[in-house]
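Since the structure comes first, as structure tokens, the remarks are kept for the end.
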Amino acid sequence: MNYFPDEVLEHVFDFITSHKDRNSVSLVCKSWYKIERYSRQRVFIGNCYSISPERLIARFPGLKSLTLKGKPHFADFNLVPHDWGGFVYPWIKALAKSRIGLEELRLKRMVVSDESLELLSKSFVNFKSLVLVSCEGFTTDGLAAIAANCRFLRELDLQENEVDDHRGHWLSCFPESCTSLISLNFACLRGEVNLGALERLVSRSPNLKSLRLNRAVPLDTLQKLLMRAPQLVDLGIGSYVHDPFSEVYNKLKIAIQRCKSIRSLSGFLEVAPHCMSAIYPICGNLTFLNLSYAPGLHGNKLMKLIQHCRKLQRLWILDCIGDKGLGVVALTCKELQELRVFPSDPFGAGNAAVTEEGLVLVSAGCPKLNSLLYFCQQMTNAALITVAKNCPNFIRFRLCILDPVKPDPVTNQPLDEGFGAIVQSCKGLKRLSLSGLLTDQVFLYIGMYAEQLEMLSIAFAADSDKGMLYVLNGCKKLRKLEIRDCPFGDAALLEDVGKYETMRSLWMSSCEVTLGGCKSVAEKMPSLNVEIIDECEQMEFNLDDKQKVDKMYLYRTLVGHRKDAPEYVSIL
Amino acid sequence: MAKEGLGMEITELRLGLPGGGTEKNEKKRVFSEISEEEETEKSNGPPELQSKSQVVGWPPVCSYRKKNSFGDKDGSKTSKFYVKVSMDGAPFLRKIDLALHKGYSDLAKALEKLFGEALRDAESCEFVPIYEDKDGDWMLAGDVPWEMFIESCKRLRIMKKADAKGFGVLQSREALNGTLKE
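Laid out in structure tokens, this is it:
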């Protein structure tokens, strides 16, 4: 390979697009490292504290697209205090100062201020794409800056962010000259938008393929938008409330029929279930249907809708679909690969309407199923064993029984055998979340069989340190481990501290690890940041090493202790 | 006491050796006890939607989804977050549904509406919003994420700042965006 000029190698590397592969390429030799780094355009950073913006910029001067993730996953469930970290501003500031021609920024679980958005919008002439997932800290003013200043914006995709909606005119800030939009998703905004501005924007965006509206966009506007954008591939409906005998509804039916390219449908944030028949004409082509924010749609209306969706590959639904409804899915959606069933009552009260029966039906009817998120009332070992047999292709298997320590209701046994069957059968399993009554045994199985496992979430499980040890010793590809309320202590934590350098991060909360144990890890592994999150501020007064640590988050890093940690976080 | 605030166990004084065997099962058993209790309550009476969220962060539904599964026109859900609100100097208490508010500033506006007159008539100009949490402790409102707050708040009290010192509330944080000041 030394005989090829750099340009040839660069051309070859162009075909290598996955981050993992490009990382491997850079490790081969010095000259490959050099060629790879100059030609690299897309970089993924799974933990924003593992590296600094300065080092990123120094290594990849040709950077065009950056993906950053901030807070640990359990932050989604309020286990991480509000201002823990994950600020994007320093990144944008450093990139703005450099010569990097940033075109795309994708952020997950980060704190994004209006200031950051403004700076972003003014610093990169060719900026094209902003994707924010589960972020917070900004208002519609920041969005206005993006709209106004990014002349070649193609994508503005806001997914499940906490946005302070100032009900301003951010949409009106897209200049008349902006005709480049391909994707616009503002479903998570709560406030009113200027409907006229929205209509004009859609009219002048011939390349618009994806449009997800918020709750404030009424039906007659939807109808007008669809008339102007029949080329849409992905549609998120905001409000779907109307009188089935109205003029608007008739117009809507016509508009929808013209949209022959829609493959993905979501939203229905407000829904009148008796009007779903207008949607039927496009159901036959849908590959993705997300009704998880539409609790108003259930029972027969829901089932009728699903019966029209024969090509569905991904379905996100609420548990009010019931086991019976899942039976309909099993009969209809033979191409189904991903199923997510969310609880209609997210606070866990009341009874979830799905049980192990629904899951078994889907596993039997949908052999291509490979990704599952399932909130249910109960689960049995027998059901899990059947599911494992029916669907050996699971890549993601996340089960959440609403009572997290519930045993198999039929046999009163822990669910060790059921999950054991899953890991044994699904040889490609990369992500697993456990729940139900579980002993150390399930972890023995996981350590033995889950060879491809990269991410594991454990809550209220195990009997002893052995559980954690089985996992750490067995799962060679483990990258992220998050544990809450398990009896794992220092012995497990300290058994193989070198392992943590091969992982992105470890989260342990309400376990048995002590301050002394955590200090020991930090001492032995200077390449790790070991953070103790102590909201109750007990550690201030009691620095006893035997004190149990409420929340510990450790992660590998090349840049040492971060400087932006709040008072209640100690980095050992 | 053992049944409340599972996430706060670390603050409880306990007898016994640290890391002892019984402790490991205690958490699981305590949680099961709560679940069992609620199961029997449900089978006895009419199906009340009781809050099973004795534990922070369970079930693991992301906070965006939790917030946006509310307030549907459907109306089939009963609200779980009615709390009493008292204000020093006001003749009677009010009740407020925390679930209807998006955050602390929203709540502040609502409280102002409820107690507007009393606030204006009061002699001292500053008030401190405090709440009683599940453990029976009086806490300054505004420290924890809104989500956590509505799950743990049992009652609210708008206290005169002058009285605040007696409660050991040390800092004068404008927790509710200072909207409770005259």
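Protein chains in written order, with this note's numbering: chain A, 72 to 643; chain B, 8 to 189. Each residue gets a CB set at the ideal place from its N, CA and C atoms; glycine is no exception. In this text, all values refer to a predicted model and were calculated from it rather than measured experimentally.
Looking only at its chain, what residues have a beta carbon closer than 6 angstroms to the beta carbon of residue i, apart from the 5 residues adjacent to it on each side?
i	result
residue 116 of chain B	none
residue 444 of chain A	411 and 469
residue 257 of chain A	229 and 285
residue 269 of chain A	242
residue 157 of chain B	88 and 105
residue 97 of chain A	104 and 107
residue 300 of chain A	273 and 279
residue 159 of chain B	140 and 141
residue 135 of chain A	112 and 174
residue 617 of chain A	585
Taking the alpha-carbon positions, what's the residue i to residue j distance?
i	j	result
residue 495 of chain A	residue 516 of chain A	8 angstroms
residue 319 of chain A	residue 122 of chain A	54 angstroms
residue 551 of chain A	residue 575 of chain A	6 angstroms
residue 174 of chain A	residue 187 of chain A	15 angstroms
residue 95 of chain A	residue 614 of chain A	43 angstroms
residue 399 of chain A	residue 413 of chain A	17 angstroms
residue 222 of chain A	residue 193 of chain A	10 angstroms
residue 88 of chain B	residue 390 of chain A	23 angstroms
residue 463 of chain A	residue 437 of chain A	12 angstroms
residue 492 of chain A	residue 456 of chain A	5 angstroms
residue 293 of chain A	residue 277 of chain A	17 angstroms
residue 120 of chain A	residue 627 of chain A	9 angstroms
residue 166 of chain A	residue 69 of chain B	31 angstroms
residue 111 of chain B	residue 153 of chain B	7 angstroms
residue 589 of chain A	residue 623 of chain A	8 angstroms
residue 218 of chain A	residue 267 of chain A	16 angstroms
residue 250 of chain A	residue 182 of chain A	29 angstroms
residue 330 of chain A	residue 302 of chain A	6 angstroms
residue 460 of chain A	residue 387 of chain A	23 angstroms
residue 567 of chain A	residue 169 of chain A	40 angstroms
residue 53 of chain B	residue 306 of chain A	The predicted position of residue 53 of chain B is uncertain, since its pLDDT is 34 and thus under 50; no value can be drawn from it.
So, for residue i: in the same chain, excluding its five sequence neighbours on each side, which residues have a beta-carbon less than 8 angstroms away from its beta-carbon?
i	result
residue 265 of chain A	240, 242 and 243
residue 263 of chain A	238 and 287
residue 339 of chain A	308, 311, 362, 364, 365, 367 and 368
residue 511 of chain A	533, 534, 535, 537, 538 and 541
Considering only the alpha carbon of each residue, which of the options lies closest to residue i?
i	options	result
residue 22 of chain A	A:450, A:322, A:232 and A:199	With chain A represented from 72 up to 643, any question about residue 22 of chain A goes unanswered, as that position is not in the structure.
residue 118 of chain B	B:62, B:64, B:159 and B:166	B:166
residue 487 of chain A	A:543, A:450, A:89 and A:465	A:450
residue 577 of chain A	A:135, A:208 and A:142	A:142
residue 158 of chain A	A:209, A:396 and A:133	A:209
residue 636 of chain A	A:245, A:600, A:471 and A:459	A:600
residue 433 of chain A	A:160, A:416, A:406 and A:417	A:406
residue 75 of chain B	A:594, A:259, A:640 and A:547	A:259
residue 426 of chain A	A:439, A:415 and A:446	A:446
residue 598 of chain A	A:85, A:530, A:629 and A:546	A:629
residue 548 of chain A	A:559, A:558, A:527 and A:235	A:527
For residue i, I'd like the list of residues in its chain whose CB is within less than 7 angstroms of its CB, leaving aside the five on either flank, ordered along the chain.
i	result
residue 484 of chain A	452 and 478
residue 327 of chain A	297, 349, 350, 352 and 353
residue 150 of chain B	none
Taking all protein chains shown into account, decide if residue i is buried (16 or more other Cβ within 10 angstroms of its Cβ) or exposed.
i	result
residue 169 of chain B	exposed
residue 573 of chain A	exposed
residue 85 of chain B	Because residue 85 of chain B sits at a pLDDT of 40, beneath the cut-off of 50, its placement in the model cannot be relied upon, and the point is left open.
residue 585 of chain A	buried
residue 118 of chain A	buried
residue 34 of chain A	The structure shown does not extend to residue 34 of chain A, since chain A is modelled only from 72 through 643, so no value can be given for it.
residue 474 of chain A	buried
residue 82 of chain A	exposed
residue 180 of chain A	buried
residue 502 of chain A	buried
residue 481 of chain A	exposed
residue 88 of chain A	exposed
residue 74 of chain A	exposed
residue 632 of chain A	exposed
residue 355 of chain A	exposed
residue 553 of chain A	buried
Exercise for review: Would you list, in sequence order, the uninterrupted beta strand (DSSP E) runs of no fewer than 3 residues that lie entirely inside the segment 190-219 of chain A?
Suggested key: Correct list: 200-204 and 207-210.
Practice item. Identify every run of the beta strand (DSSP E) within the segment 205-289 of chain A, keeping only runs that are complete inside it and at least 3 residues long; order them along the chain. Key: 207-210, 226-230, 233-235, 254-256 and 281-283
Check your understanding: Which full runs of the beta strand (DSSP E) of 3+ residues lie inside the segment 387-433 of chain A, going along the chain?
Key -> With a minimum length of 3 residues, the continuous beta strand (DSSP E) runs that stay inside the segment 387-433 of chain A are 409-413.
**Study point:** Every unbroken alpha helix (DSSP H) inside the segment 147-176 of chain A [4 residues or more]
**Key:** 160-168
Practice item. Please go through the segment 560-619 of chain A and give each complete alpha helix (DSSP H) segment of 4 or more residues, from N-terminal end onward. Key: 561-565 and 586-595
**Study point:** Minimum length 3: unbroken beta strand (DSSP E) runs contained in the segment 469-507 of chain A
**Key:** For the beta strand (DSSP E) assignment, the uninterrupted runs of no fewer than 3 residues enclosed by the segment 469-507 of chain A are, from N- to C-terminal side, 502-504.
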